[in-house]
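Peer 1: Below is the structure I would like to discuss, written out as structure tokens.
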Amino acid sequence: MKKKWIALTLFSITAILLAGCDNPLLILDPKGPQARTLSSTILFSIAMMAGILLVVYVLYTVVLLKYRASKLDDDYEPPHEEGNKWLEIIWTAIPVVIVIILSVVTVSTTSTVEQKSVAYADEKPIVIYASSSNWKWHFSYPEEGIETVNYVNFPADRPIEFRLYSFGPITSFWIPQLAGQKYAMSDMVNTIHMSADVPGSFIGKNSNFSGEGFAKMEFEAQSLSDADYKEWVNDVKTTAPKLTEDEFDDLLEAEHVGRKTYSSNHLEFKPAPEGENSGHHHGGSTSTDDQHEDMDMDMDMDMDMDMDHDAH
Amino acid sequence: MKIDHSVPMEYSTDENKMKILGFWIFLGAEIALFSTLFAVYFTLQGNTNVGPSASDLFHLSPVMIETILLLSSSFTIGLGVHAMRLGLKKPMMTFFGITLALGAAFLGVEVYEFVTYVGEGATIQTSGFLSALFTLLGTHGLHVTFGLLWGGSILLQIKKRGFTPETANKSFIFSLYWHFLDVVWIFIFSFVYLKGLM
Amino acid sequence: MKWDEFFVTGEPMIYAAMVSIVVVSLAIPIALTYFKKWNWLWMNWLTTVDHKKIGVMYILSALLMLFRGGVDALLMRGQTAIPDNGLLDGQHYNEIFTTHGVIMILFMAMPFIIGLMNVVIPLQIGARDVAFPRLNAISFWLFFAGAMLFNISFVIGGSPDAGWSAYFPLASLEFSPTVGNNYYSLALQIAGIGTLLTGINFLVTILKMRAPGMTLMKMPMFTWSVLITNVIIVFAFPVLTVALALMTLDRQFGTQFFAMQSGGMDMLWANLFWVWGHPEVYIVILPAFGIYSEIISAFARKNLYGYKSMVVSMVAISLLSFVVWAHHFYTMGHGVMVNSVFSITTMAIAIPTGVKIFNWLFTLRKGKISFTTPMLYSLAFIPIFTIGGVTGVMLAMASADYQYHNTMFLVAHFHYVLIPGTVFAVIAGFHFWFPKVFGFMLNEKLGKLSFWFITISFNVTFFPLFILGLNGMTRRMYTYSESTGYGPLNMLSMVGAVGLAIGFIILVYNIYWSVRYSPRDIDQDPWDARSLEWSTHSPVPEYNFALIPTVNKLDAHWFAKKEGKPLATGKYEPIHMPNNSGLPVIMGALFFFWGFFMVFSWWIPAIVFGVLILGTLAYRSFEKDHGRYISVEEIERTENALRGAQHEN
């Protein structure tokens, strides 16, 4: 019996923690539309699951209290029960309905967070490439032509599009208060959409284990007011050094580095693995129709030649 | 041990029946294994890197020879099992012997083919496509090699002990294995070679 | 590999492990020689083909591995209990969580389950052994060789350090240059082949060797669960075989499957791994469901409610288990469509699982529940596992998973599934069937004490992780700074982990206590249970049943007791039994050495051992061994002795 109370107590502790506003849990304290959608999806599913738990726990408690051997007559003989068609239908049908509801929620919220928030439908997103190497993050701004390491600044209240890839093991780019995470891989580019409601500083990290220094692979994501952002970009352009290819190679080799700022970015000499640079489009799949025809002819000729060989 | 004479000898004891069922289940696992290898191959077949692609590499004639060799070996082992059911020891051994010889010839052509590929600079290390190709073909080839050893030991046992429920059972199971390798080859022939040549 | 890299050095823990390995490996032969037990060990255990003894060896190994994996767990919790802790460095922590995962799933949960299958299934279907007893011994020794090979990596060469899922490219030679991941691929390969053989063996056993009259729909639920599990094994394990083989090729033969420079694909590994890995979860959970069904029905003194829907739901779960694997990487960016499909298939698993929960609850309803140790575990399973289940549904929602993925929330979820699901089940089954195998019971008081320790500590250990996960703490972090605020809950979790350790120590003490002091006067059916295994003696004679029972309904043993009619009548006949064989243990040893040399890429000895393995196969093929017969007189003698022992009391 004790365990049930423990479970209930633990659950009420969670409930208090979830509701407590002083120090809310990171992913239930969203600061942007994508994370907000996810946070409300999570709260909705917790509520739904709590309902299911309640039904099971009530049934469980009643059964255990009522049918313990110590409370029953010695000569009580439990009946033989094969099952009950209607009960079975009920406890199949209700979960089916629950799963359908959750499926609808999942599909709609997944497609919501996978695109630019509707609030910014008319605005062009700011594109930032985020790439990982060893245990650090590089942020390249193709339009502004600048690059940072281990911190990223962007304007608040604007749609941001992060394009992710990795120089090495799979990492996962995650700013919990702004959007869900996504993998950064070396042979393709993934995209995350997010925006921050107001200026502020947010924890960003790699959440996917990537080797020895993984635990310390964090960065700061800062949303600035439009004016501050513009000023920062100008500052960088005028004061920061250029990123040379040699320096970038050294940077890739390094395990951890502090914050760095450059007035040019590595995309110019090392483009991201997208489009024609993507790892998934080698050789065969890009061959054109012409080549195919050539090969058909080759095949016939090869056959003849091989036949000759065999004859010798 | 109870021997039931109303069924073919390879099925005549409970143990034999269980072994045949067990082997069928094993073949189920083998299907899963080869399906995975095919899936890997299809996933990587476009990733030729700097190496040759399927159409650069494949030549139809050795593949046709391999196919003919293996298909006819499947036919001869069928004849061998038929002879066994008729209780004809010599013909059975002859057909099994031919089967193994055809298998060995198949392997010979396959080795020749591999040597040619490597000679053209297409090794297992060259590209994702070639890794997957060599692994798929090599796994099949290793199965055939193992089959030669296994079939050879069964032939020896038949020679020494004649047809007993045990040797008959082993021969029958071996024939299932051999047919299976043939089926896998047909898939390799169609979906690796013919598709690659197109 | 240089010689000074051969042994792992530089850590007090490793030296301690080396010393203890040397001491144990000296102590065992010395003790065996001193007590003149070599012959006993060889004749009774190492060469045995008896399914009961093989089962016992599986379970003993699993307990051993439980402690190895448990020490890993304590170290992990110890390291993360306080912020910026320096108990372990990053590399060491990475090795330890990797080995913890691999050992707990593959070398603890699997063998424990397979051990119980071995002990129980032939008895439960009224058979005298499994279909292929010698193959069964080979399965065990391959598993054991794999487990030992994996464990020596700790002191020789270094442990794998890329997580139990060994994602590429992290696990590739480039990013993980030690031999650690060679151990991973080869040890799992060897053990995996053993598991595949087990799968084939038990499928044939259950399909072909059931007692007369026991149709499929009259089989006990544990037998059903094992049947379905073995179907999953046969179709899932070949995928692991291929994945591991490709890993070996990539790491040791320079192929390009998962390395991206030359046209490999990193996510191919993730796909292959989880195409096996997700069914694997059901391989360890379905037999647990079977065990709970047996125990709940026995101690509620009532037949299992909704037998047919229990079977149907397990079949449904097994089919669904093959079509959900991509939910392990929703975040790889394969788009809304793919994620939605896998979300729905994953959530659909909750439906048959829910059916099972309600059927268990309705089995309890109107029952007469007695709270024995196995029943306590089974009852604790329902509420705790339900938390694991509903959080699983939450994780199944692709969008929400973008926030849970790789966090402690996920870690909490799968421990809430695997511990009350599998671990509680095997402990419950262990207590339940212990008297059947050994002829005496485990102490109930100690059993209940360890139950309370384990259950409460489990929740204290893992519930805080849900909250940590929602607070953004990722898994596999060897350290974190104080400013994150993760400290207090991690400390609480550490306290729980210590409690769990105490609970398991009590469990082992209980075994020791019971071996020494537990009364030996028990009946063949001490729990007054329902299925066939309880209709033969405890301990079970070598041949299981002197006369094969005839079955006409589910729970035939229960009804036979009520009606006072024996299930088996007739005269004894000589019983055909297989002979012991040294071949399986020799094969296990050969595989161990083959694997060891492969790990270090020492090709010549590896080829030698490979040829020796083929040699044992050839030897087996030519061997003439038709088994032996137990005479009627011997059966009578054994039966009278076993019956007499019970009648005296």
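In order, the protein sequences belong to chains A, B and C.
Just so we're aligned, residue 0 is where the first sequence starts under numbering that gives the first Met the number 0, counting upward by one.
Just so we're aligned, residue 0 is where the second sequence starts under numbering that gives the first Met the number 0, counting upward by one.
Just so we're aligned, residue 0 is where the third sequence starts under numbering that gives the first Met the number 0, counting upward by one.
A virtual CB, placed ideally from N, CA and C, is assigned to each residue, including glycine.
Of all the CB atoms in chain C, is at least one closer than 8 Å to the CB of B/Thr12?
Peer 2: In the second sequence, counting from the first residue as 1, residue 12 of chain B sits at position 13. So, not an interface residue.
Peer 1: Check distances from the C-beta atoms of the segment 16 to 41 of chain B to those of chain C and list, in chain order, the residues that come in under 9 Å.
Peer 2: Within the segment 16 to 41 of chain B, the qualifying residues are Lys16, Met17, Lys18, Leu20, Gly21, Phe22, Ile24, Phe25, Gly27, Ala28, Glu29, Ile30, Ala31, Leu32, Phe33, Ser34, Thr35, Leu36, Ala38, Val39.
Peer 1: Could you tell me which residues DSSP puts in a beta bridge with A/Phe161?
Peer 2: Position 162 of the first sequence holds residue 161 of chain A. DSSP, once it has assigned bridges, lists A/Ile127, A/Ile191 as partnering A/Phe161.
Peer 1: Relative to chain B, which residues along the segment 438 to 460 of chain C have a C-beta separation below 8 Å, given in chain order?
Peer 2: Answer in chain order: no residues at all.
Peer 1: Looking only at DSSP bridge pairs, what is A/Lys259 linked to?
Peer 2: Against the first sequence, residue 259 of chain A aligns to sequence position 260. In the DSSP output, where bridge partners are listed per residue, A/Lys259 has A/Val148.
Peer 1: Are the C-beta atoms of C/Arg300 and some chain A residue less than 8 Å apart?
Peer 2: Taking the third sequence and counting its residues from 1, one reaches residue 300 of chain C at position 301. With 8 Å as the cut-off, C/Arg300 counts as an interface residue toward chain A.
Peer 1: Have a look at C/Leu105 and A/Ala178 and give me their C-alpha separation to the nearest angstrom.
Peer 2: The count along the third sequence starts at 1 and reaches residue 105 of chain C at position 106. The count along the first sequence starts at 1 and reaches residue 178 of chain A at position 179. The alpha-carbon atoms of C/Leu105 and A/Ala178 are separated by roughly 35 Å.
Peer 1: Assign C/His412 to one of two classes, buried (16 or more other C-beta atoms within 10 Å of its C-beta) or exposed (fewer than that).
Peer 2: Taking the first residue of the third sequence as position 1, residue 412 of chain C is located at position 413. Flag for C/His412 reads buried.
Peer 1: One question on the structure: do C/Gly353 and A/Pro94 come within less than 8 Å of each other, judged by their Cβ atoms?
Peer 2: Working through the third sequence from its first residue, we reach residue 353 of chain C at position 354. Working through the first sequence from its first residue, we reach residue 94 of chain A at position 95. It is a contact, given that the beta carbons lie within the stated cut-off.
Peer 1: What residues of chain C sit near A/Gln180, judged by a beta carbon separation below 8 Å?
Peer 2: Sequence index remark: in the first sequence, residue 180 of chain A carries index 181 (1-based). Ordered by position in chain C, the residues that pass the 8 Å Cβ test against A/Gln180 are Thr330, Tyr401, Gln402, His404, Asn405.
Peer 1: Alpha carbon to alpha carbon, how far is C/Ile199 from B/Met91?
Peer 2: Looking up residue 199 of chain C in the third sequence gives position 200. Looking up residue 91 of chain B in the second sequence gives position 92. The alpha-carbon atoms of C/Ile199 and B/Met91 are separated by roughly 30 Å.
Peer 1: Pick out whichever of C/Gly162, C/Tyr479, C/Val119 has its Cα sitting closest to the Cα of C/Gly54.
Peer 2: In the third sequence, residue 54 of chain C corresponds to position 55, counting from 1. When only C-alpha atoms are compared, the closest one is C/Val119.
Peer 1: Tell me which residues share the same chain as A/Gln114 and place their Cβ nearer than 8 Å to its Cβ, disregarding the 5 neighbours each side in the sequence.
Peer 2: As a position in the first sequence, residue 114 of chain A is number 115, starting the count at 1. Within the same chain, A/Gln114 has close Cβ partners His192.
Peer 1: At least one CB of chain C closer than 8 Å to the CB of A/Gly317: is that the case?
Peer 2: There is simply no residue 317 of chain A to check, as chain A begins at 0 and stops at 311 in what is shown.
Peer 1: Residues of the segment 569 to 586 of chain C in Cβ contact with chain B at a cutoff of 8 Å, in chain order, please.
Peer 2: Per Cβ criterion, the list reads His575.
Peer 1: In angstroms, rounded to a whole number, what distance separates the CA positions of C/Trp512 and C/Thr421?
Peer 2: The sequence position of residue 512 of chain C within the third sequence is 513, counting from 1. The sequence position of residue 421 of chain C within the third sequence is 422, counting from 1. Answer to the nearest angstrom: the Cα atoms are 25 Å apart.
Peer 1: Near C/Gly262, which residues of its chain fall below 8 Å by C-beta distance, leaving aside the five closest residues on each side in sequence?
Peer 2: Here residue 262 of chain C corresponds to residue number 263 of the third sequence, with the count starting at 1. If we look at C/Gly262 and ignore the five residues flanking it on each side, its Cβ neighbours are Gln255.
Peer 1: Smallest Cα separation from B/Glu165: which of C/Thr615, C/Asp624, C/Trp44?
Peer 2: Within the second sequence, the letter at position 166 stands for residue 165 of chain B. Nearest of C/Thr615, C/Asp624, C/Trp44 to B/Glu165, Cα basis: C/Asp624.
Peer 1: May I ask you to report which of helix, strand or coil DSSP gives C/Ile53?
Peer 2: On the third sequence, position 54 is the one that residue 53 of chain C refers to. In the structure shown, C/Ile53 sits in a helix (DSSP, three-state: H, G or I).
Peer 1: Taking A/Trp90 as the query, report the chain C residues whose CB atoms sit under 7 Å from its CB, ordered along the chain.
Peer 2: Stepping through the first sequence from its first residue, residue 90 of chain A is reached at position 91. Correct list: Gly353, Val354, Phe357.
Peer 1: Quick test of your reading: B/Leu101 and B/Leu68, contact by CB under 8 Å. State the CB separation rounded to the nearest angstrom.
Peer 2: The residue given as residue 101 of chain B occupies position 102 in the second sequence. The residue given as residue 68 of chain B occupies position 69 in the second sequence. 5 Å between Cβ atoms; contact.
Peer 1: Report the residue ranges of all alpha helix (DSSP H) runs contained in full by the segment 254 to 281 of chain C; include only those spanning at least 4 residues, in chain order.
Peer 2: Within the segment 254 to 281 of chain C, no complete alpha helix (DSSP H) run reaches 4 residues.
Peer 1: Does the Cβ of C/Ile15 have 16 or more other Cβ atoms within 10 Å, making it buried, or fewer, making it exposed?
Peer 2: The residue labelled residue 15 of chain C in the question sits at position 16 within the third sequence. Checking the sequence shown, residue 15 of chain C turns out to be Ala, not Ile. When all chains shown are included, C/Ala15 counts as exposed.
Peer 1: In terms of alpha-carbon separation, which member of C/Ile294, C/Leu215, C/Val18, C/Leu239 lies closest to C/Ala186?
Peer 2: Along the third sequence, read from residue 1 onward, the residue named residue 186 of chain C stands at position 187. Checking every option, the nearest Cα to that of C/Ala186 belongs to C/Leu239.
Peer 1: Specify the secondary structure class of B/Ile2 as computed by DSSP and reduced to three states.
Peer 2: Counted from its first residue, the second sequence places residue 2 of chain B at position 3. B/Ile2 falls in the coil class under three-state DSSP.
Peer 1: I want to verify the contact list: residues of chain C whose CB lies under 8 Å from the CB of B/Ser126, in sequence order.
Peer 2: Translated into the one-based positions of the second sequence, residue 126 of chain B becomes position 127. Chain C residues near B/Ser126: Gln255, Ser261, Gly262.
Peer 1: For C/Phe652 and chain A, any beta-carbon pair shorter than 8 Å?
Peer 2: Residue 652 of chain C is absent from the model: chain C starts at 0 and stops at 648.
Peer 1: Using CA atoms only, rank isn't needed, just tell me which of B/Leu70, B/Phe74, B/Met17 is closest to C/Leu206.
Peer 2: Your numbering for residue 206 of chain C matches position 207 in the third sequence. The residue with the shortest Cα to Cα distance from C/Leu206 is B/Met17.
Peer 1: Check whether chain C comes within 8 Å of A/Lys123, counting only Cβ atoms and requiring the distance to be less than that.
Peer 2: Position 124 of the first sequence holds residue 123 of chain A. No - not a single Cβ of chain C is within 8 Å of the one on A/Lys123.
Peer 1: Considering just the uninterrupted stretch of the beta strand (DSSP E) at C/Glu443, what are its terminal residues?
Peer 2: Stepping through the third sequence from its first residue, residue 443 of chain C is reached at position 444. Looking at the DSSP string, C/Glu443 is not in any beta strand (DSSP E); the run it does join, the alpha helix (DSSP H), is 443 to 469.
Peer 1: Would you say B/Ser152 lies against chain C (beta-carbon separation less than 8 Å)?
Peer 2: Here residue 152 of chain B refers to the residue found at position 153 when the second sequence is read from its first residue. Yes, B/Ser152 counts as interfacial toward chain C.
Peer 1: Please go through the segment 170 to 234 of chain C and give each complete alpha helix (DSSP H) segment of 4 or more residues, from N-terminal end onward.
Peer 2: Complete alpha helix (DSSP H) runs here, min 4: 179 to 207.
Peer 1: Would you decide whether C/Ile294 is buried or exposed? Buried here means 16 or more other CB atoms lie within 10 Å of its CB.
Peer 2: One-based indexing of the third sequence puts residue 294 of chain C at position 295. Result: buried.
Peer 1: Considering Cα atoms alone, identify which of C/Leu445, C/Val507, C/Ser580, C/Pro604 is closest to C/Thr615.
Peer 2: Sequence index remark: in the third sequence, residue 615 of chain C carries index 616 (1-based). When only C-alpha atoms are compared, the closest one is C/Ser580.
Peer 1: For a contact defined as C-beta to C-beta under 9 Å, what are the partners of A/Asp196 on chain C?
Peer 2: Position 197 of the first sequence, counted from the first residue, corresponds to residue 196 of chain A. What A/Asp196 touches in chain C: nothing, since even the nearest Cβ is about 17 Å away.
Peer 1: Can you name, in chain order, every residue of its own chain whose Cβ lies under 8 Å from the Cβ of C/Trp41, other than the five neighbours on each side?
Peer 2: As a first step, residue 41 of chain C is located in the third sequence; it is residue number 42 there, counting from the start. If we look at C/Trp41 and ignore the five residues flanking it on each side, its Cβ neighbours are Gly581.
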